[in-house]
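Residue numbers (our numbering): 14 to 314.
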């Protein structure tokens, strides 16, 4: 029937394969199908392979449509070096509630009903943040830049993220990791390791920024790893890394924190090196909706 131009199972299959740009050749003499250079004799194996190709094509099509959306595709089309696999690991693992997933994706895709949302701007000219009244109430402002939430919600979110690394360090070096309901001890140590949590470091020179989030001292190797965390809107991740690096590796007393690069001056890393430690610095900056830069996973490991 297919040879006569009439509709049948074979013609329908060929039409679907053409839609997905899948080239298949039928060898009627040997009752086989040649697909992507592979010869299929068993119908079940062929069907599974074709379904796999179709699913991949559908996923690619959905990804392209998502990326082209002006708001929802901002993360995907960003010029920043975003690691899209690691940034969405939380979604793939499925360990969050449906409410949390909904809120995160709504924030990421620009669907939260802030004052700058088109629905609100049609009825009111007041775009100022309801909490601080200092800036426009954009999604980025609400979840990462509002001064009202800085000493409370933002600090709690920052510490919750940092505790995960602290917990893993405790496990790795034989220290007692704190339960999530317990406060983290400022200092823990054993025969080989000393671990600081939000603890100021005594230095010979006066340094304003002398209290990083975590410091791991290896007493045997005489190394000191300074770890500093930040949560930022995804467009500001690289800038936050620059600020943290300048603050702890260039000048720990510079009062214009946001103006990078800093002029050279006294800093914590140099003081640790002067004290005999082989000191290094690791900034960990995570997007407010889970984004991370390429290479961060390797640095943490």
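Cβ atoms here follow ideal geometry from the backbone N, Cα and C, with glycine treated the same way. Values in this document were obtained by computation on a predicted structure and should not be read as measured data.
Residue i versus residue j - alpha carbon distance
i	j	result
residue 314	residue 293	15 Å
residue 143	residue 133	13 Å
residue 42	residue 52	13 Å
residue 66	residue 125	36 Å
residue 307	residue 22	47 Å
residue 291	residue 241	17 Å
residue 72	residue 256	38 Å
residue 54	residue 32	23 Å
residue 15	residue 74	Only weak support is given to the placement of residue 15: the predicted model assigns it a pLDDT of 49, under 50, and the question is left unresolved by the model.
residue 78	residue 117	20 Å
residue 26	residue 44	16 Å
Span of the alpha helix (DSSP H), counted from its first residue to its last, around residue i
i	result
residue 24	22-32
residue 63	56-81
residue 132	131-134
residue 229	Run containing residue 229: none in the alpha helix (DSSP H); it sits in the beta strand (DSSP E), 227-231.
residue 284	281-287
residue 122	That residue, residue 122, is in no alpha helix (DSSP H); it is neither H nor E in DSSP.
residue 258	250-262
residue 98	97-100
From the options, residue whose alpha carbon lies closest to that of residue i
i	options	result
residue 238	296, 254, 245	296
residue 281	193, 310, 222, 97	222
residue 279	261, 136, 40	261
residue 145	152, 135, 159, 137	159
residue 168	190, 58, 301, 218	301
residue 216	113, 94, 288, 116	288
residue 4	30, 121, 200	Outside the displayed span of the chain (14 to 314) sits residue 4, for which this structure offers no information.
residue 123	152, 102, 69, 267	152
Limits of the unbroken beta strand (DSSP E) element including residue i
i	result
residue 166	Segment: none, residue 166 is in no beta strand (DSSP E) and carries neither H nor E.
residue 298	291-300
residue 202	200-202
residue 239	236-245
residue 210	206-210
residue 271	Counting along the chain, residue 271 falls outside any beta strand (DSSP E), and DSSP gives it neither H nor E.
Presumed contact (8 Å Cβ cut-off) between residue i and residue j, rounded CB distance
i	j	result
residue 227	residue 209	7 Å
residue 99	residue 310	5 Å
residue 47	residue 56	Not confirmed; about 14 Å, so no contact.
residue 181	residue 150	Actually they are not in contact, since the Cβ atoms of residue 181 and residue 150 sit about 37 Å apart, beyond 8 Å.
residue 298	residue 243	5 Å
residue 266	residue 220	6 Å
Assigned exposure category for residue i - 16 Cβ within 10 Å defines buried
i	result
residue 179	buried
residue 141	exposed
residue 283	buried
residue 136	exposed
residue 245	buried
residue 83	exposed
residue 34	exposed
residue 199	exposed
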